[in-house]
């Protein structure tokens, strides 16, 4: 309630500085979002509220993480509702800059994270993580939070951002929070709004196929190719699902494993019509 | 005098934080160096001393800005003397980290600045400015100064760092200070120590050739090719000088100009034996 909306870097910097001066020793949390807030985002806001004296939510649909043929223009936006639900979940400040406020016309600097960006969504969406790492570095610079909150649904993004914050000494801790799901298991995502009724009905197959994989590994499966066979077997039950990728990678460097061992991330992207959904499951053996 | 030497990121962060808590509103200045401090560096320290409550000098020979065939191993080092002269010039804290303190084994993140890095030293030393931008971003993150001080001798570096700080919203002002010269005009540089007696005798030709260029432009020369002819004509007087590059670029984007107009940077790199020296002159028409 009573969330303050600011649209300039200077204003959000001033708000954070004023808070820090008024409450020495208390912490500042940042929840970076592209808006259209759903329960997944709001769980991050609530977590930030529990842990910090000041909670900043950024809402910025970052053009540099979309390729030319992607869904930048139709990405859902609903600022009025976002402010209401962010405030109710505990946000103090919403930072909602324009593109020209975020990126100077002469902008020339990009943050590249090697290795962690090579597989999974990095190969399906070239340049995507360069845009993500750059805008998150900027948000960390502007807000200078103690901790930033990301969702496990975007597992690769979280690991890249954490590596980036450490490598560039930005001084921001990255906390990864559990994926929030619809009752039928579909991971919450702003892109779920694109699904037709029938696509929406079939979309939970992605989660089911990942749970099948986790069960197979629990029962001793160690061969990533057979893991993929399990995954594809379940996915075939949906006439509309088209596989983009399914990979079994080490959580340390996100490189594909030869054999399932230690802590692995099984991550997948699946198209339903024109909508690409992602989800993942972490397994330790 | 009484300069404090710290070797870890945590220690320098703690020193800056303690200063800021003790002196609210006073500013912090950073002079990033690779050590072997000469009068050029010390002029930056003195400038920082005039303008800030706390002056931090970093001394770190950054391996990621050297190519495999460059002079990383023989780059001159003299910490004891550096501490003495930095303290005398007004440094409060010298940050002198090891390579493993600066770069985690899993380091994977690089800061790339487009366009500004394409010409001049950027084409002669591929990857050099990626290393510079990355380590300076890290130093800005660690020290969080209000202002950082760089020398005009490294004009391209200063412009790249300023662009980077603005683009990544690091909140650090970049102040560029005049080149300090030996009595015969040679720009101060740690690499001057590599020169043989005869190379050292001939090295001021670089400055002389740049002054010839400035005079020719003053007298109406507007064609960059004829500017280069003037430069080469003077350089030919030195038997040991071998031209790496001489370019006339716009200060806005460091792209070569078709005609001299507005504010241009005439920058050159010249080899004397195994030593590569750089210098430049800014001209407004």
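Chains as they are written, first to last, in my numbering: chain S, 926 to 1210; chain L, 926 to 1210.
All residues carry an ideal CB built from backbone N, CA and C; glycine is no exception.
Quick one: does residue i have its CB under 8 Å from some CB of chain L?
{"i": "residue 1066 of chain S", "result": "yes"}
{"i": "residue 1118 of chain S", "result": "no"}
{"i": "residue 1041 of chain S", "result": "yes"}
{"i": "residue 1128 of chain S", "result": "no"}
{"i": "residue 1062 of chain S", "result": "yes"}
{"i": "residue 1078 of chain S", "result": "no"}
Got a sec: is the Cβ-Cβ distance from residue i to anything in chain S below 8 Å?
{"i": "residue 1171 of chain L", "result": "no"}
{"i": "residue 1088 of chain L", "result": "yes"}
{"i": "residue 1188 of chain L", "result": "no"}
{"i": "residue 1183 of chain L", "result": "no"}
{"i": "residue 934 of chain L", "result": "yes"}
{"i": "residue 1038 of chain L", "result": "yes"}
The alpha helix (DSSP H) spanning residue i covers which residue range?
{"i": "residue 1009 of chain S", "result": "1004-1014"}
{"i": "residue 944 of chain L", "result": "934-947"}
{"i": "residue 1195 of chain L", "result": "Element bounds for residue 1195 of chain L: not the alpha helix (DSSP H) but the beta strand (DSSP E), 1188-1197."}
{"i": "residue 1056 of chain L", "result": "1053-1068"}
{"i": "residue 1047 of chain S", "result": "1046-1049"}
{"i": "residue 1101 of chain L", "result": "Counting along the chain, residue 1101 of chain L falls outside any alpha helix (DSSP H), though it belongs to the beta strand (DSSP E) covering 1098-1102."}
{"i": "residue 1211 of chain L", "result": "A question about residue 1211 of chain L goes unanswered here, because the residues of chain L that appear run from 926 up to 1210."}
{"i": "residue 1024 of chain L", "result": "1024-1027"}
Could you give the first and the last residue of the continuous beta strand (DSSP E) run that contains residue i?
{"i": "residue 1034 of chain S", "result": "1034-1038"}
{"i": "residue 955 of chain S", "result": "953-958"}
{"i": "residue 1107 of chain L", "result": "Where residue 1107 of chain L is concerned, there is no enclosing beta strand (DSSP E), given that its DSSP letter is neither H nor E."}
Provide the residue(s) that pair with residue i in DSSP beta bridges, ordered along the chain.
{"i": "residue 1204 of chain S", "result": "S:1193"}
{"i": "residue 1209 of chain S", "result": "S:1188"}
{"i": "residue 928 of chain L", "result": "DSSP output for residue 928 of chain L lists no bridge partner at all."}
{"i": "residue 1076 of chain S", "result": "S:1102"}
Does the beta carbon of residue i come closer than 8 Å to any beta carbon on chain B?
{"i": "residue 1090 of chain S", "result": "Absent from the structure: chain B. Protein chains present are S and L."}
Relative to chain S, which residues along the segment 1006-1035 of chain L have a C-beta separation below 9 Å, given in chain order? 1027, 1028, 1029, 1031, 1032, 1033, 1034 and 1035
At which residue ranges does the segment 957-1003 of chain L contain complete beta strand (DSSP E) runs of 3 or more residues, listed in the order of the chain? 979-984
Complete runs of the alpha helix (DSSP H) confined to the segment 1113-1199 of chain L [at least 4 residues]: 1122-1127, 1130-1143 and 1149-1160
Please name the residues in the segment 1092-1119 of chain L whose beta-carbon is closer than 9 Å to at least one beta-carbon of chain S, in chain order. 1092, 1093, 1094, 1095 and 1096
Counting only Cβ-Cβ distances shorter than 8 Å, please list the residues of the segment 984-1003 of chain S near chain L, keeping chain order. none
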